[in-house]
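Engineer:
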Amino acid sequence: MHKPYRRPTVAVIGAGPAGCAAAADCAFSGFDVTLVEATDEIGGAAAHPGGPAPSKRLRFRTPYLDRKAVDGTAAGFRAHLREALDAAGADVRLRTEARSAAFDHDTGQWRVAVVTPDGDDVVRADVLIRATGGDTVLDIDPGSGRILDAEPRLHRAIEVVGAPNLLFVDAPVTGLSTRRPLDIAEARADHARRYIRALEIRGPGAFTVRASNWHASPQDRRHQIRDLGTIDAASHSFAPAASPIPEARLENR
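In case it helps, numbering that gives the first Met the number 0 puts the sequence shown at residues 0 to 252.
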């Protein structure tokens, strides 16, 4: 029987540097990406107008993300992030707060409930990327009917045991490089792209890291980047969606 093809769609929650990196990298790879941000600006705390001026070193180094020079101002850093997102073609939705997310094994998609200035809405995506940090409440149901206890898992690894098609890229960095402060964020974005590509090959469904193969991210910065540079598809399980939605019927965009 012919396996249905659907180009994976991606929802990124949180438009700080990590979320912007993940959204832009995945969009540059050809995936349809929706970036949801609760405030009216991208950039997170690093680009807050009332905060300290960001370092000129706070910029992307990946060539296709590094499209606009920074000038050491919050506005300049936001413009740097925005240029990458616009060039990649990511759909950025500001003043849109994600309240909950539930995975539907039948369709192989996440259903993210959001609140916009115009009222309640739903964003559907094959892969959900959390980039909100530990302070934001986002109820996540991985399809079991029970809310994922996210906080104990947060910052321990990019992939989550027991939750399909879900990545956490919002972890703070230990051993942060003063020369390349966004290198971990870019490495996580690259891993997200590889993960989604592995799902694309298999088709719509649930792609989950096996508990026996899961490991926490190394604490050392150099080893963490190296660890994020590969994905072992054999260490994951895959269950095809019973009723995948054809790409032509997706209405997220």
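We treat Cβ as the ideally placed atom computed from N, Cα and C, and that holds for glycine. None of the values given here were measured: they were computed from a predicted structure.
1) What does S99 pair with, by DSSP beta-bridge criteria?
2) The alpha helix (DSSP H) spanning I226 covers which residue range?
3) Is it true that the CB of F30 sits closer than 7 Å to the CB of V9?
4) Starting from the C-beta of L64, find all residues in its chain whose C-beta is less than 6 Å away, skip the five residues before and the five after it, and write them out in chain order.
5) Which partner residues does H235 have in the DSSP bridge list?
6) Contact check, A74 vs K67 under 8 Å by CB: the rounded distance?
7) Would you call the region 219 to 239 in contact with the region 175 to 189, where contact means no fewer than 3 C-beta pairs closer than 8 Å?
8) Let's see if you can read the secondary structure: which residues bound the beta strand (DSSP E) around L198?
9) Run through the DSSP bridge pairs and tell me what D120 is partnered with.
10) Would you please state the rounded distance, in angstroms, between the beta carbons of A156 and A197? I believe it to be under 8 Å.
11) Can you look up L57 in the DSSP assignment and give me helix, strand or coil?
12) Any idea what DSSP makes of L93, helix, strand or coil?
13) Give me the Cβ distance between G142 and F102, rounded to the nearest whole Å; I'm assuming they're in contact under 8 Å.
14) Tell me, please, which residues DSSP counts as bridged to T8.
15) Going by the CB atoms, is the gap between V113 and T95 shorter than 7 Å?
16) Helix, strand or coil for L127? Go by DSSP, reduced to three states.
17) Which value, in whole angstroms, describes the spacing of the CA atoms of T106 and D169?
18) What are the boundary residues of the beta strand (DSSP E) that includes L166?
19) Taking DSSP as the reference, what is the three-state secondary structure of E82?
20) Check whether the region 24 to 43 touches the region 202 to 214, taking contact to mean three or more Cβ pairs, one atom from each stretch, closer than 8 Å.
21) Return the Cβ separation of A205 and H104 in integer angstroms, given the expectation that the two are a contact with Cβ distance under 8 Å.
22) Taking only the alpha-carbon atoms, compute the straight-line gap between A241 and D85 and give it to the nearest angstrom.
23) Round the Cβ separation of A20 and E185 to the nearest angstrom and send it over; I've been treating them as touching at under 8 Å.
Structural biologist: Inspection of the coordinates gives the following:
1) Under DSSP, the beta-bridge partners assigned to S99 are A112 and D138.
2) It is Asp, not Ile, that sits at residue 226 in the sequence shown. Going by DSSP, D226 is part of the alpha helix (DSSP H) stretching over R220 to L227.
3) Closer than 7 Å, so yes.
4) Same-chain partners within the cutoff: A23 and A83.
5) DSSP, once it has assigned bridges, lists V208 as partnering H235.
6) Contact between A74 and K67 is absent: CB atoms are separated by about 12 Å, not below the 8 Å threshold.
7) The region 219 to 239, when compared against the region 175 to 189, does touch it at the 8 Å Cβ threshold.
8) Per DSSP, L198 belongs to no beta strand (DSSP E); it is in the alpha helix (DSSP H), D182 to R201.
9) Looking at the DSSP output, D120 shares a beta bridge with V113.
10) Contact annotation, A156 with A197: C-beta distance approximately 16 Å; criterion of less than 8 Å not satisfied.
11) Reduced to three states, the DSSP call for L57 is coil.
12) DSSP places L93 in coil when its eight states are reduced to three.
13) Between F102 and G142 the Cβ distance is about 4 Å, and since that is below 8 Å, they are a contact.
14) Per DSSP, D31.
15) Yes, the pair counts as a contact, with Cβ atoms nearer than the cut-off.
16) DSSP places L127 in strand when its eight states are reduced to three.
17) Straight-line Cα distance between these residues: approximately 27 Å.
18) Where L166 is concerned, the enclosing beta strand (DSSP E) starts and stops at L165 to F167.
19) Residue state for E82 is assigned as helix, using DSSP reduced to three classes.
20) Contact fails: fewer than three Cβ-Cβ distances are below 8 Å.
21) Taking C-beta atoms under 8 Å as the contact rule, A205 and H104 qualify, at a distance of about 6 Å.
22) Whole-angstrom Cα-Cα distance: 35 Å.
23) Separation of the CB atoms of A20 and E185 is rounded to 5 Å, and the pair is thereby assigned contact status at 8 Å.
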